[in-house]
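Worksheet for the structure shown next.
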Amino acid sequence: MIKTDKNTNKGKKLIIIGFVTIAIIFLLYGRYQDPELLTPSAIESIQRIAYGFYIILTVSFGGIAFGMYRYHKEKVENKGKDLSSIIALTTWNSKSRKIFVITFIGYGIFFSLVSGTLVYQPEVNFSYHYGATIPSGFIAPCCDGPGYMPKIIIYLTEHIGLQIIPINLVLQVIVSYLVGLNSAIAVNAYTISKKGRGASSVGAIAGLFIACPTCAGSFLSIFIGTASGIALSIALTQLQTLFIAISIPILLVTPYIMAKKLRNTDGSCKINPN
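Here our numbering is used: position 241 in the sequence shown is 252, and no number is missing along the way.
Laid out in structure tokens, this is it:
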């Protein structure tokens, strides 16, 4: 039992260290976003720092993923009666894992479309308008607010490209994971109340827009006109924190609400993890 608790704590530590590292590199890189620093002599150094930023970000994602897997596995092996253990036991079976993977990937792709990570501009020829080589890619090291740089730009075809913004990428992974987790639990939580399902749906829908404050404006501009859509996008920029505040906490709380429905009177899980 003591060994299991130590392993579980190691998983938690990896998760915490990963997120703390991401927060630190976001803050540190924000110091290089002053346009006056982008001199010809400094740009090469900032470019190398940008490459290092994404290397550390990738390693942090790997550490968080391994930490969550380790934490999840130890919770299953321990077979505790707390709600975290119920969630772990519920999502450990093959069916739930498949639901999670499918939802995580599908939601992530959809998120990319609505957040502007995956760009499709049929009216713009990238090679003609931007002088881009097709295919090609580069890292733009400067200049924007903290979390929005360094930006990766990739031209896949004349009209399709990728625009990877750090804060968008982090939020996309977090929200896609939480939506996948909610979906995996919901498959088994057939007795959950209507109110619980509604909370999960609200969280998933709100989570669509937190990666990019202009996403909701982009949808609404189709119906209310481009000028109004732009004005709304500016307003939504100021409400980005509100979108995050609404969606992520709901997506975090809902699994525990559903877990209560999957716990027997003695505290054990109704679902067989195998």
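Yeah, the Cβ is synthetic: ideal placement off N, Cα and C, and Gly gets one too.
What three-state label does DSSP hand residue i in the structure shown?
i    : result
G156 : coil
Y166 : strand
V289 : The structure shown does not extend to residue 289, since the chain is modelled only from 12 to 285, so the question has no answer here.
G172 : strand
K109 : helix
Count the other CB atoms within 10 Å of the CB of residue i; is the residue buried (16 or more) or exposed (fewer)?
i    : result
K86  : buried
S147 : exposed
V70  : exposed
S138 : exposed
Y166 : buried
P266 : buried
N199 : buried
I27  : exposed
V181 : buried
V9   : Because residue 9 is not part of the residues shown, which for the chain are 12 to 285, the question remains open.
G91  : buried
G74  : buried
L124 : exposed
Y43  : buried
Which residues mark the beginning and the end of the alpha helix (DSSP H) in which residue i is found?
i    : result
S194 : 177 to 199
A98  : The sequence given here has Ile at residue 98, not Ala. Unbroken alpha helix (DSSP H) run through I98: 94 to 101.
S147 : No alpha helix (DSSP H) contains S147, which is instead part of the beta strand (DSSP E) from 147 to 151.
Q58  : 54 to 89
Y139 : 137 to 140
Just checking my contact of residue i with residue j at CB under 8 Å: how many whole Å lie between their CB atoms?
i    : j    : result
Y159 : I178 : 6 Å
S96  : N104 : So it is not a contact: roughly 14 Å between Cβ atoms.
F115 : G29  : About 18 Å separates the two Cβ atoms, so there is no contact after all.
P157 : L38  : 7 Å
P133 : I57  : Not a contact, Cβ separation roughly 34 Å.
S187 : F111 : S187 to F111, Cβ: 10 Å. No contact.
I185 : L173 : Between L173 and I185 the Cβ distance is about 19 Å, and since that is not below 8 Å, they are no contact.
Hey, quick one: how far does the beta strand (DSSP E) through residue i stretch, first residue to last?
i    : result
V302 : No answer is possible for residue 302: it lies beyond the span of the chain, which begins at 12 and ends at 285.
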